[in-house]
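The sequence shown: position 242 = 307 (my numbering), numbered continuously.
Yeah, the Cβ is synthetic: ideal placement off N, Cα and C, and Gly gets one too.
Some notes on the structure that comes next.
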Amino acid sequence: MAIDHLPPSGDVTAPLNFYSPPSDNFPPFNLADLPPDSPTPPRNYGSTPVPTLIHDARPNLASFTLDRDSFQILTSQPPPTSEPSLFTSDTSIKTHYYPEITSLLLSTIPNATHILIFDHTIRLPSPSAPRTPVQRVHIDQTALSAAQRVRKHLPPHEADKILSSGTRYRIINVWRPLNDAPLESFPLAFASSASLRDEEVVPVEHRYTQTGYIGQTAAIAHHPDQTWYYLSGMQNTERILLQCFDSEALKENSEVKGGRVAHSAFEDPRTRPEAEGRRSIEVRALVFGP
């Protein structure tokens with residue numbers, strides 16, 4: 066496909082929306098599955114935009130690791146042969162794209178023994194779309210909700226064995242754009258886990274009103290020492306692994322630096338008004354081993 070312009074690249078300063086606590090000092094929560102026309106506010110906490118220096122990761126792709134940064138960037142990933150029709154239904158995604166993700170994670174994560182994909186999300190630019198790019202700094206899982214995921218998706222005896230034996234388990238999101246051209250609109254920003262302090266990670270109850278299930282996500286308070294990145298001109302043959310939780314990080318003297326990556330979509334001030342809206346998919350997986 067011919068490209069008649071170059072997408073923005075290089076470091077950029079842009080606002081990221083960081084956690085602002087509830088005014089009533091109640092614990093923060095999200096209501097995850099409210100209908101779009103619901104008069105009920107979806108959360109009881111706010112956000113504060115902070116101009117943030119976001120470094121272009123492209124010049125240093127090979128320097129980022131899951132153990133230190135909790136993100137990894139993969140290039141030269143072949144698009145599935147059935148694109149774009151592959152992504153038009155949940156059934157098609159599960160049948161055709163999940164096996165690709167399983168193979169990718171097994172070949173990329175050292176000593177991984179088993180992959181269990183538990184969901185995916187398509188994000189589209191239309192305001193009426195079920196899911197749009199999230200412009201709040203967050204982490205998808207906490208230690209509590211990661212353990213809940215193990216119990217939710219594995220038989221009880223297998224979950225008990227993993228959670229009591231010290232077997233390493235992680236939750237990793239595989240993120241990619243679906244646009245044909247290099248991505249310009251609402252790129253993804255992600256912070257090195259090594260630059261994020263525990264006190265900046267705020268657990269948030271993630272309440273599903275229809276089923277009664279309660280999980281946890283995390284909101285992120287701003288600190289000037291956080292180090293932020295994005296991938297300029299990301300293509301649909303590239304993937305970002307976002308490690309939301311790594312049980313190894315909880316062990317004493319672990320070399321894993323936190324094991325959780327804060328991230329957010331952001332509005333790049335250099336984006337052309339006519340740039341194509343961002344279409345993307347994230348696939349969430351439990352990764353076990355060693």
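8 Å contact criterion, which residue i and residue j should meet: CB distance rounded
| i | j | result |
| --- | --- | --- |
| Tyr139 | Leu306 | Inspection of the sequence shows that residue 139 is occupied by Leu rather than by Tyr. Yes, Leu139 and Leu306 are in contact; Cβ-Cβ is about 7 Å, under 8 Å. |
| Leu243 | Ser345 | 6 Å |
| Glu249 | Pro72 | 5 Å |
| Phe94 | Val115 | Actually they do not touch by this definition, with Cβ atoms about 23 Å apart. |
For residue j and residue i, the rounded distance between their alpha carbons
| i | j | result |
| --- | --- | --- |
| Gln137 | Pro190 | 25 Å |
| Leu118 | Phe255 | 12 Å |
| Ser135 | Ile182 | 18 Å |
| Arg337 | Thr113 | 25 Å |
| Thr276 | Glu270 | 14 Å |
| Ala286 | Thr186 | 25 Å |
| Leu219 | Asp184 | 14 Å |
| His70 | Leu171 | 36 Å |
| Pro101 | Val239 | 26 Å |
| Glu347 | Glu264 | 27 Å |
| Pro195 | Arg188 | 8 Å |
| Asp290 | Pro143 | 36 Å |
| Asp225 | Pro247 | 44 Å |
| Pro198 | Pro192 | 10 Å |
| His179 | Tyr278 | 26 Å |
| Thr78 | Arg133 | 24 Å |
| Ser103 | Lys316 | 42 Å |
| Leu209 | Pro175 | 24 Å |
| Arg214 | Trp293 | 28 Å |
| Ser229 | His203 | 28 Å |
Contact under 8 Å by Cβ, residue i with residue j
| i | j | result |
| --- | --- | --- |
| Leu81 | Arg272 | no |
| Thr130 | Gln206 | no |
| Arg262 | Ser312 | no |
| Ser260 | Val326 | no |
| Val37 | Ile237 | One cannot answer for residue 37 here, as it falls past the ends of the chain, which runs 66 to 355. |
| Thr302 | Ser141 | yes |
| Ala177 | Gly354 | yes |
| Arg304 | Arg349 | no |
Residues near residue i in its chain [Cβ-Cβ closer than 8 Å; skip 5 each side]
| i | result |
| --- | --- |
| Thr173 | Gln137, Leu139, Leu306 |
| Pro252 | Tyr295, Leu296, Ser297, Met299, Ala330, Phe331, Asp333, Arg343 |
| Ser74 | Asp121, Arg123, Ser297, Gly298 |
| Arg233 | Asp311, Ser312, Glu313, Phe353, Gly354, Pro355 |
Beta-carbon proximity list for residue i, same chain, < 7 Å, skipping 5 on both sides
| i | result |
| --- | --- |
| Ser168 | none |
| Phe91 | Asn109 |
| Gly324 | Ser135, Ser258, Gln308, Phe310, Asp311, Glu313, Ala314 |
| Thr274 | Leu96, Asp98, Leu99 |
Neighbourhood of residue i by C-beta, 6 Å cutoff - its chain only, sequence neighbours within 5 removed
| i | result |
| --- | --- |
| Asp76 | His120, Asp121 |
| Ser358 | With the chain running from 66 to 355 in the structure shown, residue 358 is simply not present. |
TODO: Mind listing, in chain order, the continuous beta strand (DSSP E) runs of no fewer than 3 residues lying wholly within the segment 111 to 151?
DONE: Entirely contained in the segment 111 to 151, the beta strand (DSSP E) runs reaching 3 residues are, in chain order, 111 to 121, 136 to 139.
Task: Whole beta strand (DSSP E) elements within the segment 242 to 287, 3-residue minimum - done: If you keep only unbroken beta strand (DSSP E) runs of at least 3 residues inside the segment 242 to 287, you get 253 to 256, 266 to 272, 279 to 285.
- [ ] Go through the segment 186 to 234 residue by residue and report every complete run of the alpha helix (DSSP H) that reaches 4 residues or more, in order.
- [x] Qualifying alpha helix (DSSP H) stretches, in chain order: 208 to 218, 221 to 230.
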